[in-house]
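Below: one structure, written as structure tokens.
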Amino acid sequence: MEIKFILNGKQVSVDVSPSMRLLDVIRDKFHLTGTKEGCGEGECGACTVLVNNEPYNSCLTPVINIVNKEVITIEGFRETKAYRIIADAFAEMGGSQCGFCTPGMILATYAVLKKNPHPTEEEIRFALSGNLCRCTGYQSIVFAVLKASEKGIEL
Amino acid sequence: MIKQLVPANLKEALEMLSKHNCYIMSGGTDLMVQKHVSTGLLPSFDKDVIYVMNLKELDYVKKDDNGNIRIGAATRFTDIERSPLVPEIYKIVIKEIASNNIRNMATMAGNIANASPAGDSLVPLVLNDASVILSSVNGNREVLVRDFVLGVRKIDRKQNEMITEIVLKPQELNYFYRKVGARKAESITKVSLMGGYKIENGIIKDLRIAFGSVSIKVVRSLENENKYIGQKVKELNIDSVIEDYSPLVTPITDQRSNKEYRHKVAMNLLRKFLEEVKGGRNE
């Protein structure tokens with residue numbers, strides 16, 4: 030069936046089964062491969078996208094659930110000023126190593142800073158708890174979020 | 002041929018359910034895992050699927066004339082947790098369910114219908130006598146959550162019915178809640194215990210105990226509870242309460258934990274709760 034939604038600011042339409050995973054729609058139909066598949070069962074958050082500015086696991090979202098909603102992937106987000114600030118903070122603090130979790134981490138970081146511009150370390154850990162990283166041990170990611178929050182993401 | 006059914010409104014959904022034997026898909030956080038095949042392939046269903054997450058009529062939290070809190074079946078955990086109407090004890094439980102991302106997608110109605118022995122929202126729902134409203138083209142019926150869940154992934158839903166609403170009945174209790182898992186977030190519960198109590202002038206007016214993850218469904222015994230209510234709190238014998246519950250707590254060994262550990266921890270949590278009752282915040 031025809032599914033309409035807003036992808037990275039543009040109205041789009043795609044003819045797929047309502048059961049198709051949002052992740053597969055983004056990667057295979059729109060060829061946006063910044064959204065990664067890690068575990069495929071909602072544990073790791075590598076597939077995180079923003080739906081109406083809230084982080085979702087796109088691997089568990091049947092595409093019908095985002096009809097008429099606004100979806101932002103890392104490709105759309107990288108056009109923003111907030112992306113630049115967060116990405117620089119990750120680079121500066123060593124918040125990214127292999128990079129596989131990074132698109133999800135950056136979107137989850139944006140979601141928490143948008144709700145709470147000056148989170149405590151504990152609030153950051155709570156907000157990023159759905160995003161796993163096997164390289165950094167998280168400490169440098171938390172520092173990166175604190176750094177981005179110091180700079181302010183200019184919403 | 003498996004049908005994918007997308008109703009425009011609740012009336013249409015109930016009509017579809019009266020004609021088709023369906024999986025009911027809300028947030029997808031359980032079903033999309035259970036029916037997943039492989040990257041790039043569609044999930045594989047062995048019967049029709051009806052998608053209910055977009056039904057606006059089922060997305061609400063409101064208070065009714067009796068003071069009960071009514072939650073629409075398509076309301077996400079995130080929105081339940083944010084609502085000022087929802088009793089604090091439910092929020093404490095919700096904050097420890099899965100992760101931020103999952104709570105943005107998943108519904109409490111889905112957590113109930115999934116009927117996992119480790120379903121965290123079932124514990125406060127059973128302890129606080131919450132119920133679900135099941136709707137069909139023939140009308141509505143209300144069932145207590147403790148009766149609705151029959152066993153592991155078994156529920157009292159007829160083919161033509163769906164959960165449309167959860168009814169929370171706020172209680173005047175002091176609460177105790179501990180969830181034991183392998184880590185802070187995204188942990189599937191090994192053992193959980195919720196206790197509720199009310200003490201007036203040294204007399205136990207109410208005492209409730211519910212265990213999660215230690216049996217095929219939430220363990221609560223009204224028979225036991227009725228023995229304690231009316232007693233003087235000073236005379237409540239912790240060891241005999243533990244003896245009453247020990248045979249009811251029948252956990253299994255699985256990849257997360259073993260049954261001996263779970264039983265021991267469950268009994269230790271019960272002791273901790275009862276010590277708090279006897280210490281008394283409410284005397």
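Protein sequences appear in the order of chains A and B.
Residue 30 is where the first sequence starts when you use the working numbering, and the numbers rise one by one after that.
Residue 2 is where the second sequence starts when you use the working numbering, and the numbers rise one by one after that.
For each residue, glycine too, the CB sits at the ideal point set by N, CA and C.
Closer than 7 Å to a non-hydrogen atom of the ligand MG - does that hold for the CB of E187 of chain B? Annotation note on the ligand MG: not contained in the displayed structure, which lists no ligands.
Using a beta-carbon distance below 8 Å, is T40 of chain B in contact with chain A? If you number the second sequence from 1, residue 40 of chain B lands on position 39. T40 of chain B counts as touching chain A.
Quick one, which of B:E236, B:G197, B:I210 and B:E13 has its alpha-carbon nearest N225 of chain B's? Translated into the one-based positions of the second sequence, residue 225 of chain B becomes position 224. N225 of chain B has its Cα closest to that of B:I210, out of B:E236, B:G197, B:I210 and B:E13.
So, are the CB atoms of V215 of chain B and R263 of chain B less than 8 Å apart? Numbered from its first residue, the second sequence carries residue 215 of chain B at position 214. Numbered from its first residue, the second sequence carries residue 263 of chain B at position 262. Contact flag set, yes.
Between the CA atoms of I103 of chain B and N202 of chain B - distance to the nearest angstrom: Taking the second sequence and counting its residues from 1, the one referred to as residue 202 of chain B is at position 201. Taking the second sequence and counting its residues from 1, the one referred to as residue 103 of chain B is at position 102. Cα to Cα, N202 of chain B sits roughly 44 Å from I103 of chain B.
Under 8 Å, with one C-beta from each stretch per pair, do the stretch 153-171 of chain B and the stretch 121-140 of chain B reach the 3-pair mark? yes
Going by CA-CA distance only, name the one from B:N238, B:Q256 and B:G140 that's closest to S19 of chain B. On the second sequence, residue 19 of chain B is found 18 positions in, with the first residue counted as 1. Of the candidates B:N238, B:Q256 and B:G140, the residue whose Cα lies closest to the Cα of S19 of chain B is B:G140.
By Cβ distance below 7 Å, which residues in the same chain neighbour I103 of chain A in space, the five residues on each side in sequence not counted? Mapped onto the first sequence, residue 103 of chain A falls at position 74. Closer than 7 Å at the Cβ level, and outside the excluded window around I103 of chain A, lie G63, T64, P132, I135 and L136.
Residue range of the unbroken beta strand (DSSP E) whose run includes Q40 of chain A: In the first sequence, residue 40 of chain A corresponds to position 11, counting from 1. Counting along the chain, the beta strand (DSSP E) containing Q40 of chain A begins and ends at K39 to D44.
Residue-chain proximity (G111 of chain B, chain A), Cβ-Cβ < 8 Å: In the second sequence, residue 111 of chain B corresponds to position 110, counting from 1. No - not a single Cβ of chain A is within 8 Å of the one on G111 of chain B.
With a Cβ-Cβ cutoff of 8 Å, do I170 of chain A and G128 of chain A count as a contact? Start at 1 with the first residue of the first sequence, and residue 170 of chain A comes out as number 141. Start at 1 with the first residue of the first sequence, and residue 128 of chain A comes out as number 99. Against a cut-off of 8 Å, the Cβ pair of G128 of chain A and I170 of chain A comes out as no contact.
Own chain partners of I253 of chain B with C-beta closer than 6 Å, once the 5 adjacent residues on each side are dropped: Your numbering for residue 253 of chain B matches position 252 in the second sequence. Closer than 6 Å at the Cβ level, and outside the excluded window around I253 of chain B, lie K260.
Among the residues of its own chain, which have a CB less than 8 Å from the CB of I268 of chain B, if the five just before and after it don't count? As a first step, residue 268 of chain B is located in the second sequence; it is residue number 267 there, counting from the start. Position check: residue 268 of chain B holds Met in this sequence, whereas Ile was assumed. I243, Y246, S247 and V250.
Kindly list, in the order they appear in chain A, the residues whose Cβ is closer than 8 Å to that of I81 of chain B. If you number the second sequence from 1, residue 81 of chain B lands on position 80. Residues of chain A passing the Cβ test: none, with the nearest at roughly 14 Å.
Alpha carbon to alpha carbon, how far is M195 of chain B from K233 of chain B? Within the second sequence, residue 195 of chain B is the residue found at index 194, counting from 1. Within the second sequence, residue 233 of chain B is the residue found at index 232, counting from 1. Taking the straight line from one Cα to the other gives about 21 Å.
Under 8 Å, do I72 of chain B and M109 of chain B count as touching if we go by C-beta distance? Position 71 of the second sequence holds residue 72 of chain B. Position 108 of the second sequence holds residue 109 of chain B. Yes, the Cβ-Cβ distance between I72 of chain B and M109 of chain B is below 8 Å.
What does K191 of chain B touch in chain A if you count any residue whose Cβ is under 7 Å from its own? Along the second sequence, one-based indexing puts residue 191 of chain B at 190. Per Cβ cutoff of 7 Å: no residues; K191 of chain B is ~17 Å from chain A at best.
8 Å is my cut-off, CB to CB: does K105 of chain B come that close to chain A? The count along the second sequence starts at 1 and reaches residue 105 of chain B at position 104. According to the sequence provided, residue 105 of chain B is Asn. The question's Lys does not apply to it. True, the Cβ-Cβ gap to chain A drops below 8 Å.
Can you list, in chain order, the residues of the stretch 48-69 of chain A whose Cβ is nearer than 9 Å to any Cβ on chain B? S48, M49, R50, L52, D53, R56, D57, E66 and G69
Integer Cβ distance of V124 of chain B from V94 of chain B, believed to fall under 8 Å: Indexing the second sequence from 1 puts residue 124 of chain B at position 123. Indexing the second sequence from 1 puts residue 94 of chain B at position 93. So it is a contact: roughly 7 Å between Cβ atoms.
Is L86 of chain B buried or exposed, if buried means 16 or more other CB atoms sit within 10 Å of its CB? Stepping through the second sequence from its first residue, residue 86 of chain B is reached at position 85. Counting Cβ neighbours within 10 Å, L86 of chain B comes out exposed, since fewer than 16 surround it.
Do you know how far the Cα of E166 of chain B is from the Cα of G38 of chain A? Numbered from its first residue, the first sequence carries residue 38 of chain A at position 9. Numbered from its first residue, the second sequence carries residue 166 of chain B at position 165. When rounded, the distance between both Cα atoms is 34 Å.
Per DSSP, the bridge partner or partners of Y178 of chain B: Counting from one through the second sequence, the residue named residue 178 of chain B turns up at place 177. Residue pairing of Y178 of chain B in beta bridges, as defined by DSSP: B:M195.
Is there at least one Cβ from chain A nearer than 8 Å to M163 of chain B's Cβ? Position 162 of the second sequence holds residue 163 of chain B. Not an interface residue.
Looking only at its own chain, which residues have a Cβ that is under 7 Å from the Cβ of F34 of chain A, when we skip the five neighbours before and after it? Residue numbering aside, residue 34 of chain A sits at position 5 when the first sequence is read from its first letter. Hits under 7 Å: V41, I95, V96, N97, K98 and V100.
Using the beta-carbon count (16 or more within 10 Å), is N55 of chain B buried or exposed? The residue given as residue 55 of chain B occupies position 54 in the second sequence. Per the 10 Å Cβ criterion, buried.
Give me, in chain order, the residues of the same chain whose beta-carbon lies closer than 6 Å to that of S48 of chain A; leave out the 5 immediate sequence neighbours on both sides. Taking the first residue of the first sequence as position 1, residue 48 of chain A is located at position 19. Same-chain partners within the cutoff: P91.
Quick one, which of A:C130, A:T138 and A:E83 has its alpha-carbon nearest L175 of chain A's? In the first sequence, residue 175 of chain A corresponds to position 146, counting from 1. Selected option, being the one with the closest Cα: A:T138.
Residue burial classification, G152 of chain B (beta-carbon count within 10 angstroms, cutoff 16): For the purposes of this step, residue 152 of chain B is taken as residue 151 along the second sequence, with counting starting at 1. The residue is exposed, with fewer than 16 neighbouring Cβ atoms inside 10 Å.
From B:D60, B:A74 and B:T30, residue whose alpha carbon lies closest to that of L89 of chain A: Indexing the first sequence from 1 puts residue 89 of chain A at position 60. The option with the nearest alpha carbon to L89 of chain A is B:T30.
Rounded to whole angstroms, what is the Cα-Cα separation between L270 of chain B and H60 of chain A? Position 269 of the second sequence, counting from 1, holds the residue named residue 270 of chain B. Position 31 of the first sequence, counting from 1, holds the residue named residue 60 of chain A. So the alpha carbons of these two residues sit roughly 51 Å apart.
In three-state DSSP terms, what is M26 of chain B? In the second sequence, counting from the first residue as 1, residue 26 of chain B sits at position 25. Residue state, collapsed to three classes: strand.
Is there at least one Cβ from chain B nearer than 8 Å to A156 of chain A's Cβ? Numbered from its first residue, the first sequence carries residue 156 of chain A at position 127. Yes - at least one Cβ of chain B is within 8 Å of the one on A156 of chain A.
Using a C-beta to C-beta distance shorter than 9 Å, which residues of chain E count as neighbours of P132 of chain A? You won't find chain E in this structure, because its protein chains are A and B.
Do S122 of chain B and K191 of chain B have their C-beta atoms closer together than 8 Å? For the purposes of this step, residue 122 of chain B is taken as the residue at position 121 of the second sequence. For the purposes of this step, residue 191 of chain B is taken as the residue at position 190 of the second sequence. No; because the gap between Cβ atoms is not below 8 Å, this pair is not in contact.
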